[in-house]
Amino acid sequence: MTLASTRLRNIFMARETARGAEFRNNREASAEERAGAIVRTAFARIDIRALAITSGVFVALVIIAVCAVILLSPPAPGRQVGEHLALLANYFPGFSVSWIGCGVGAAYGFAVGVVVGAFFGTSWNTMHVIYLMVAMVRRPSGTEL
Amino acid sequence: VNAAAKSSMSEHEKYVFSRAVALNSRIAAIITGFVSGATIWLATAILLWKGGNNVGENLAVIGTFLPGYRMTWGGAWMGFLWGALLGGVAGWIMYSSYAITLRTRVERLLASESGIHAMRVPTFVLDGNALGIGLGALAGTLIFAMTGWLVLRGTAEVSMHAALVGSVLPGYTVSIMGGLIGALEVFFAAYIWSQLFALLYNKLARRRREIDR
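Quick mapping for you: the protein sequence lines, in order, are chains D and B.
Mapping to our numbering: the first sequence position 91 is 91, numbers consecutive.
Every position in the second sequence, counted from 1, becomes a number in our numbering once 1000 is added.
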């Protein structure tokens, strides 16, 4: 009996929720709601983890691509293979212009990309939050944001 | 007709949109400016900390393009300022060009009532085309401008470091024609990379959003 009434209540609540959503979706949006939708879209939040991973993969692939181009093309006469690219070892210990060194460089590149991507995403989202907080404090009382 | 009327923005909505884009452009400029400046400062500082003979002989070459930059602590801060300025301008241009597609997205949202009533702040989605064109044009202009500067200075013949770019960009030489070829190659490379970047980011972001739901 209790189980049946719970089910009925759930069905009723689901119907009412759907009706409410239908009502909200069908009625004409007010000017404030339209402006709010514009602000929400313009202030879309960056997915920090997705940006960090993508930046990491991107930097690692760039290092691999540059290494591969240099390793696969013949060196200029009187010059060592990738003598300038090898200077990256100043920043990435263990890096060298070889296939193994290229992997080491890609790992460092991934780490750098993750840090930069996470920094960019966090700063972007934080600055939006700060701006909205300041706007809320500064707005005249009783008005919409 | 009704959807078209809903999607078109009123004067007030256009004002709200332009203010939001201006704010985002400033934020993009501040962040990219800081990252660019910090990168130059850190690259210089690491070499100065390590010390040795002919410290940063190769990195010092960027002083050709950034007046006042030297392999000293003062030069590092000068590099930070230049990096912040150039990175800031680049970030501002990038977002401003990107915002063109944002307008289309907003108009599409205004046409759908359910989108307007959604309370959740949406996740930022990258447009590979807009990013590719913006980033490609910026990188291509940079290569052409740097090459042109070396040609104008009359040091194109002896610019060994610039000539090395030719090992990564086939056909590039330190000349106006070479600069144009390099600019085109960089544009296409940046465009393709941007498409891949947007594809991966959007896929990861959408997947995570679905998991959150």
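Ideal Cβ placement from N, Cα and C applies to all residues, glycine included.
In terms of CA proximity to T1072 of chain B, B:T1044 leads the group B:F1187, B:R1105 and B:T1044. Close CB contacts of V116 of chain D within its chain, under the 7 Å cut and outside five residues either way in sequence, are with S55 (chain order).
Each of D:V137, D:S96 and D:H128 was checked against the Cα of V39 of chain D, and the nearest Cα belongs to D:H128.
When the beta-carbon positions are compared, G94 of chain D and I63 of chain D stay at least 8 Å from each other. DSSP lists D:R45 as the bridge partner or partners of T1123 of chain B.
Excluding its 5 nearest sequence neighbours in each direction, I100 of chain D has no C-beta neighbour in its own chain below 6 Å. Annotation: L1169 of chain B to I70 of chain D spans about 11 Å, alpha carbon to alpha carbon. Apart from the 5 residues on each side of it in sequence, L1059 of chain B sits with its Cβ closer than 8 Å to the Cβ of A1043, T1044, L1047 and M1071 in its chain, given in chain order. When C-alpha distances from G1154 of chain B are compared across B:V1174, B:H1161 and B:S1167, the shortest belongs to B:V1174.
Think of a sphere of 9 Å around the beta carbon of I70 of chain D: the chain B residues whose beta carbon falls inside it are S1167 and V1168, in chain order.
Note that the C-beta distance between F1017 of chain B and I46 of chain D is not below 8 Å. DSSP places L1059 of chain B within a helical segment (H, G or I) once states are collapsed to three.
Going by beta carbons, A1139 of chain B and A1205 of chain B fall outside the 8 Å limit. With a threshold of 8 Å between beta carbons, V1106 of chain B makes contact with chain D. A check of alpha carbon separations from S30 of chain D across B:S1010, B:E1210, B:I1027 and B:W1049 identifies B:S1010 as the nearest. For V1106 of chain B, the enclosing alpha helix (DSSP H) stretches over residues W1073 to A1111.
Contact between G82 of chain D and V97 of chain D holds, with the beta-carbon distance rounding to 3 Å and staying under 8 Å. Within the same chain, Cβ atoms closer than 6 Å to the Cβ of G1178 of chain B are found at Y1172, the five residues on either side in sequence being excluded. Within the stretch 87 to 100 of chain D, L87, N90 and Y91 place their CB atoms closer than 8 Å to a CB of chain B, listed in sequence order.
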